[in-house]
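Asks: Chains as they are written, first to last, in my numbering: chain A, 23 to 205; chain B, 23 to 205. Can you keep this structure in mind? I'll have questions shortly.
Number of protein chains: 2
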Amino acid sequence: MNVRTLCLSILYEGEATGYEIRRKSVEGECSYFVEASYGSIYPALAKLEDEGLVSSRVEPQEGKPARKVYSITDAGRAAFVQALHEPLGEDVFRSPFLLFARFAHLLPRELVEERCEEHRARLAESVHHIKQVARDEPCTPADKWVIDYGVEVMELAERYMRTHMHELVALARPEQIKKNAAE
Amino acid sequence: MNVRTLCLSILYEGEATGYEIRRKSVEGECSYFVEASYGSIYPALAKLEDEGLVSSRVEPQEGKPARKVYSITDAGRAAFVQALHEPLGEDVFRSPFLLFARFAHLLPRELVEERCEEHRARLAESVHHIKQVARDEPCTPADKWVIDYGVEVMELAERYMRTHMHELVALARPEQIKKNAAE
DNA sequence: ACTTGCATGTAAGTGGTTACATGATTGG
DNA sequence: CCAATCATGTAACCACTTACATGCAAGT
């Protein structure tokens, strides 16, 4: 999905600043299937305001830069629901890890093991993080469904890594005998 | 991963034309975690040739346009293995479906059901396709590992959709009573 | 007659990211 | 004292996609 729709989806549930939208997209319940940087969020919000889909008010703060709080308008709500009616784009999955894994046989065992473990740890961390979000933040039943789906899939992936990474490591190049082995 | 590395990875296993590289990336065993279009592959190959990482020979054909067959060079092989040693980028997962799912409560039941079923069907189709590739095309043990990982994860996702989509559908707006219900 | 497959390539456009500029406050 | 957090925004860059241009052969 594009950043535009992401912004509308977050503002649908309450007002927020560009800064907060980015935080929610990076750390929130959606973080495992969306992402956006400041460089895309701020221009997107400005454009949405131009089009009347969101409105903003500036809240000065002492000591901190002023917050520009955006709210979704009725037109924005309608546009978002309309967008949800349109055919969905396909899910995207890109995995540098799997490309790496295909060539395990070319690589030293140590490296394959390290990358596998990194990958497993990332999956475990994602699961942990998403569960924490589910505990700490208020979730609608739909949010809960989405979280459960993610937990289920990522827990399996992590489990699979744990139980099968040794097979991939076994395909890797045996560790080189150290030059100074005799010493 | 970038298209550049993708090209090297495919050429590592044998020569190919730009056309074939694209087919392999879209239909091959990697299709579930990589992708590339002509518009990125052809320039990438040209650049790789400039840098001496691949070489090409033109094979004229009768009736069909000439094929430009690329082969990886020793320098290319070295560069690829070197690239595999570098820290891996993070896996990317972007899901318009899950963004949609979070707002099931705003949408008509029919639509939610349709999108869920589409999503389930896509997962089933991916699993089917990847299994077929595993049967039909020669696979190294590492390839097989990567395929098994994908099958496992996608089969779970499909199963989850099958057994839980009704919960999401239940959150959706009840179908509107038809205007002419009395007739 | 039309579509699909084979085959190469370019140009314009998209949808971002990265890095920068700015600046006060708080906490280690 | 330095890093991080809060907060906004821009400009340059990048990697890639989409659409186009070309063309022949075989299948439907």
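Even for Gly, the Cβ is constructed at its ideal location relative to N, Cα and C. Quick caveat, the model's predicted, so the values are computed rather than measured.
#1: Closest to Glu139 of chain A by C-alpha separation, out of A:Leu190, A:Arg79, A:Leu28 and A:Val80, would be which residue?
#2: Between the alpha carbons of Gly40 of chain A and Leu28 of chain A, how many angstroms are there, rounded?
#3: What separation, rounded to the nearest whole angstrom, lies between the Cα atoms of Ala66 of chain B and Val114 of chain B?
#4: May I have the straight-line CA-CA distance separating Met176 of chain B from Asp72 of chain A, to the nearest angstrom?
#5: Give the straight-line distance between the Cα atoms of Ala127 of chain A and Gln83 of chain A, rounded to the nearest whole angstrom.
#6: Checking 8 Å against the spacing of the C-beta atoms, do Ala105 of chain B and Val168 of chain A come in under that value?
#7: Going by the DSSP bridge assignment, what does Ser93 of chain B pair with across the sheet?
#8: Check this for me: beta carbons of Leu30 of chain B and Gly74 of chain B, under 8 Å apart or not?
#9: DSSP state of Val56 of chain A, grouped into three classes?
#10: Residues of chain A with CB under 7 Å from Cys96 of chain B, in chain order?
#11: Would Glu37 of chain B and Val91 of chain B qualify as a contact pair, given that the criterion is a beta-carbon distance under 8 Å?
#12: Kindly say whether Pro196 of chain B, judged by its beta-carbon, lies nearer than 8 Å to any beta-carbon of chain A.
#13: Tell me the DSSP secondary structure of Ala126 of chain A in three-state form.
#14: Going by DSSP, name the residue or residues bridged to Phe115 of chain A.
#15: In angstroms, rounded to a whole number, what distance separates the CA positions of Met23 of chain A and Gly85 of chain B?
#16: Any idea what DSSP makes of Ala38 of chain B, helix, strand or coil?
#17: Give a yes or no on whether the C-beta atoms belonging to Phe119 of chain B and His141 of chain B are separated by under 8 Å.
Replies: Inspection of the coordinates gives the following:
#1: A:Leu190
#2: 12 Å
#3: 22 Å
#4: 41 Å
#5: Per the sequence presented here, residue 127 of chain A reads as His, with Ala not at that position. Spanning the two alpha carbons is a distance of roughly 58 Å.
#6: no
#7: B:Ser77
#8: no
#9: coil
#10: This sequence places Asp at residue 96 of chain B; Cys is not what is there. Residues of chain A passing the Cβ test: none, with the nearest at roughly 14 Å.
#11: yes
#12: no
#13: helix
#14: B:Phe115
#15: 43 Å
#16: strand
#17: yes
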